[in-house]
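The number in this note's numbering is simply the position in the sequence shown, starting from 1, with 5 added.
Each remark here refers to the structure printed beneath this line.
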Amino acid sequence: MNIPFVSFRPMEQELNTELREAFDRVLTNSWYILGKEDEAFEKAFAKYTGTKHCIGVGNGLEALEMALIALGIGPGDEVIAPSNTYIATVLAISYAGATPVLVEPDIRTFNLDPSLIEQAITDNTRAIMPVHLYGQPCDMDPIMEIARKHDLYVIEDCAQAHGALYRNTKIGTFGTASGFSFYPGKNLGALGDAGAVVTDNDELAEKIRAIANYGSDYKYHHIYQGRNSRLDEMQAAFLSAKLLHLDRMNQERKRLAARYLEGITNPQITLPFVPEYANPVWHVFAIRCDKRDELEEYLKERGIGTNKHYPTPIHMQPCYKDLPYAPGDLPIAEEISRTQLSLPMYYGLTDEEIDYVIDAINSFK
Ligand SMILES: Cc1ncc(COP(=O)(O)O)c(C=O)c1O
Numbered sequence: 006m007n008i009p010f011v012s013f014r015p016m017e018q019e020l021n022t023e024l025r026e027a028f029d030r031v032l033t034n035s036w037y038i039l040g041k042e043d044e045a046f047e048k049a050f051a052k053y054t055g056t057k058h059c060i061g062v063g064n065g066l067e068a069l070e071m072a073l074i075a076l077g078i079g080p081g082d083e084v085i086a087p088s089n090t091y092i093a094t095v096l097a098i099s100y101a102g103a104t105p106v107l108v109e110p111d112i113r114t115f116n117l118d119p120s121l122i123e124q125a126i127t128d129n130t131r132a133i134m135p136v137h138l139y140g141q142p143c144d145m146d147p148i149m150e151i152a153r154k155h156d157l158y159v160i161e162d163c164a165q166a167h168g169a170l171y172r173n174t175k176i177g178t179f180g181t182a183s184g185f186s187f188y189p190g191k192n193l194g195a196l197g198d199a200g201a202v203v204t205d206n207d208e209l210a211e212k213i214r215a216i217a218n219y220g221s222d223y224k225y226h227h228i229y230q231g232r233n234s235r236l237d238e239m240q241a242a243f244l245s246a247k248l249l250h251l252d253r254m255n256q257e258r259k260r261l262a263a264r265y266l267e268g269i270t271n272p273q274i275t276l277p278f279v280p281e282y283a284n285p286v287w288h289v290f291a292i293r294c295d296k297r298d299e300l301e302e303y304l305k306e307r308g309i310g311t312n313k314h315y316p317t318p319i320h321m322q323p324c325y326k327d328l329p330y331a332p333g334d335l336p337i338a339e340e341i342s343r344t345q346l347s348l349p350m351y352y353g354l355t356d357e358e359i360d361y362v363i364d365a366i367n368s369f370k
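Here it is, written out as structure tokens:
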């Protein structure tokens, strides 16, 4: 059996007619940037997340970066981010001109450990950026409590967790602003690059919308030195079509995850831990194994694709060699990058395929 790490095919086949209709609608309309498809998607996604505003932007990285900039965070400011995340979280902080301060995750949840945040706060700290990694919500109550106590902004990185719930509340609604990515492989993915910021703050929404559109408040009038980061009409139309199926497709991921959780019994494997507050959407099904690289090879020989999220932690990336961390300084992030393996997880995986992966893992010595 051949099981790729990810495939969009089953979803694309099922939604083929709707996606083609979306394409035809935009082509017929002959309008490609900042139009009614963008408006309609923004409205629908704001409703979906339970926020007042959604601003469609070019991608998830810029969504986070513009949220920081619009909040006035820049040079001399520090922003706390998890040491175990995709590099985009930290790049957003750097692009804003601020300094990333990395805080270790809880190894069981892979997410920011709230008990380690306060010791990283200095006079220069302006914000905390929790990342709901792999589709698992962060422990938001203590994070929000710390933010209130120290008067810090919270900007949620929701790139991997569309629809995930923390104590029955959608992620993306806790922070002052939240960034989403609609990279094709995300739970809600466009057919190209796309992203969004959601917020309840009217002023902030207006500012981010202006920054994303050359800093202009009205045509040919520029109040900020903005940039071009807009959600185009074609991607907005595809996203509107796919949003209608997001909950159902997330539900299916949950079913597949439950099958993995029940089926994998090999004692060498640490399964993902789901705390009582979490209702995750399983963007990634992340296991840990001391012999991770051998397991990866073993699965590959059996036709099973896997991935590592992420093989090199941020503080050991060449581009961040100037951050004040040496190898060994963030041992949990390093342990995760050494032992973590992501199993196939996507809409359309069959029970037979999941069971094949489970059997292969259980037979690994
Ligand atoms: C945690 C996280 N943050 C931010 C991003 C950035 O999103 P994008 O690729 O749309 O720029 C991604 C995805 O790539 C991500 O996984």
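Ideal Cβ placement from N, Cα and C applies to all residues, glycine included.
Nothing here was measured: the structure is a model prediction, and the numbers come from that model.
Item to check | Completely contained beta strand (DSSP E) runs for the stretch 231–277, where each covers 3 or more residues | outcome: none
Checklist entry - Nearest CA to the CA of Asn312: which residue from Ser347, Lys48 and Leu157? => result Walking along the sequence shown from the start, residue 312 turns up at place 307. Comparing Cα-Cα distances from Asn312 to each of Ser347, Lys48 and Leu157, the minimum goes to Ser347.
Checklist entry - Does DSSP put Asn312 in a helix, in a strand, or in coil? => result Against the sequence shown, residue 312 aligns to sequence position 307. DSSP places Asn312 in strand when its eight states are reduced to three.
Next on the checklist: Tell me the residue span of the alpha helix (DSSP H) that contains Ala182.
Outcome noted: The count along the sequence shown starts at 1 and reaches residue 182 at position 177. Careful: Ala182 lies outside any alpha helix (DSSP H), inside the beta strand (DSSP E) at Ala182 to Ser186.
Checklist entry - Is it right to say Asp298 is buried, meaning 16 or more other beta carbons lie within 10 angstroms of its own, or is it exposed? => result Sequence index remark: in the sequence shown, residue 298 carries index 293 (1-based). It counts as exposed.
Checklist entry - In whole angstroms, what is the alpha-carbon distance linking Asp222 and Ser234? => result Within the sequence shown, the letter at position 217 stands for residue 222. Within the sequence shown, the letter at position 229 stands for residue 234. When rounded, the distance between both Cα atoms is 15 Å.
Checklist entry - Can you give the Cα-Cα distance for Phe59 and Glu47, rounded to whole angstroms? => result Translated into positions along the sequence shown, residue 59 becomes position 54. Translated into positions along the sequence shown, residue 47 becomes position 42. Rather than Phe, the amino acid found at residue 59 in this sequence is Cys. For Cys59 and Glu47, the distance between alpha carbons rounds to 5 Å.
Next on the checklist: Three Cβ pairs or more, each shorter than 8 Å: is that satisfied between the stretch 257–269 and the stretch 202–216?
Outcome noted: no
Next on the checklist: Three Cβ pairs or more, each shorter than 8 Å: is that satisfied between the stretch 166–186 and the stretch 271–279?
Outcome noted: no
Next on the checklist: Could you check if Gly247 belongs to the surroundings of ligand 1, using beta carbon to heavy atom distance under 8 Å?
Outcome noted: In the sequence shown, the residue the question calls residue 247 occupies position 242. A small fix is needed here, since residue 247 is Lys in this sequence, not Gly. Checking the Cβ of Lys247 against ligand 1 gives no.
Next on the checklist: Quick check on the DSSP output: the beta strand (DSSP E) that includes Gly61 runs from which residue to which?
Outcome noted: Stepping through the sequence shown from its first residue, residue 61 is reached at position 56. Gly61 -> beta strand (DSSP E) spans His58 to Val62.
Item to check | Contact between the stretch 323–338 and the stretch 99–115 (3+ Cβ pairs under 8 Å) | outcome: yes
Checklist entry - When you compare only the Cα positions, how much space is there between Thr114 and Val286? => result The sequence position of residue 114 within the sequence shown is 109, counting from 1. The sequence position of residue 286 within the sequence shown is 281, counting from 1. Approximately 14 Å between the Cα atoms of the pair.
Next on the checklist: Beta-carbon within less than 7 Å of Ala125's beta-carbon, same chain only, minus the 5 sequence neighbours each way: which residues are those?
Outcome noted: For the purposes of this step, residue 125 is identified with residue 120 of the sequence shown, where counting begins at 1. Taken in chain order, the residues that qualify are Ile85, Val106 and Val108.
Checklist entry - When burial is assigned at 16 or more other CB atoms within 10 Å of the CB, is Ile98 buried or exposed? => result As a working mapping, residue 98 is identified with position 93 in the sequence shown. With 16 or more Cβ atoms within 10 Å of its Cβ, Ile98 is classed as buried.
Item to check | Gly231 beta carbon less than 9 Å from that of Ala217 | outcome: As a first step, residue 217 is located in the sequence shown; it is residue number 212 there, counting from the start. As a first step, residue 231 is located in the sequence shown; it is residue number 226 there, counting from the start. For Ala217 and Gly231, yes; Cβs fall inside 9 Å.
Checklist entry - Which one or two residues does DSSP pair with Asp162 in a beta bridge? => result In the sequence shown, counting from the first residue as 1, residue 162 sits at position 157. Paired residues: Val136 and Gly184.
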